[in-house]
Amino acid sequence: MLKKADLSDSKKIHALINHFAAKDEMLPRSLSEIYENIRDFFVYKEKGKVCGCCALHICWEGLGEIKSLAVSNNKWGLGIGTKLVEACMDEARKLKLAQAFALTYKPEFFKKLGFKRVPKSKFPHKIWRECINCPKFPNCDEVPMIKEL
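Using the UniProt record's numbering, you'd call the opening residue of the sequence shown number 1 and step up by one each time.
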């Protein structure tokens, strides 16, 4: 079941994201960051267990970021990631955003959803607001992708 996340999902989202972050497959998120941004998140649940999560974060006028996409290993290939990103994209359209972007280690996944690769310089607000505090800055190895809405 796909739904908007609530506070009771926060620790499960945190565990899922940081499971993959520990393997250097995505960036880590603190529990406080999850709580502060819980309204950005969608979750996919089966039998009450969070099997996937994804967030839409508003960055600037007309621009949102698809972030923190994670799906449990045993649920890969079932379309859960696609459903989560599509839910974020639907919300982005409702908010009348012009574009959505993702910084990802899985560019082929986003390419299948209509995202195109762009230079990081396209996102100066993101870089100076959030990326500057990342331990990988300025040597970020994530691939920037964008989609027109």
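Idealized CB from N, CA, C, for every residue including glycine.
Predicted model, so just to flag it, every value in this text is computed and none were measured.
If you draw a straight line from the C-alpha of residue i to the C-alpha of residue j, how long is it?
i, j, result
"ALA102", "VAL143", "8 Å"
"PHE110", "LYS75", "18 Å"
"ALA98", "LEU56", "13 Å"
"LEU2", "LEU63", "24 Å"
"CYS51", "SER68", "13 Å"
"LYS11", "VAL85", "21 Å"
"ASN37", "ASP9", "12 Å"
"GLU108", "ASP40", "24 Å"
"TYR105", "MET26", "7 Å"
Specify, as a first and last residue, the run of the beta strand (DSSP E) that residue i falls within.
i, result
"LEU113", "From DSSP, LEU113 is part of no beta strand (DSSP E); its letter is neither H nor E."
"ALA102", "99-104"
"GLU86", "Careful: GLU86 lies outside any beta strand (DSSP E), inside the alpha helix (DSSP H) at 80-94."
Among all the DSSP beta bridges, which residues are the ones paired with residue i?
i, result
"ILE58", "GLY64"
"LEU16", "DSSP, once it has assigned bridges, lists no residue as partnering LEU16."
"ALA70", "CYS53"
"TYR44", "LEU2 and GLY52"
For the alpha helix (DSSP H) that residue i lies in, which residues bound it at each end?
i, result
"LYS147", "Looking at the DSSP string, LYS147 is not in any alpha helix (DSSP H); the run it does join, the beta strand (DSSP E), is 143-148."
"SER8", "First-last for SER8: undefined, no H or E at that position."
"SER32", "31-36"
Does the beta-carbon of residue i have 16 or more other beta-carbons within 10 angstroms, so that it is buried, or is it exposed?
i, result
"GLY81", "buried"
"ALA5", "buried"
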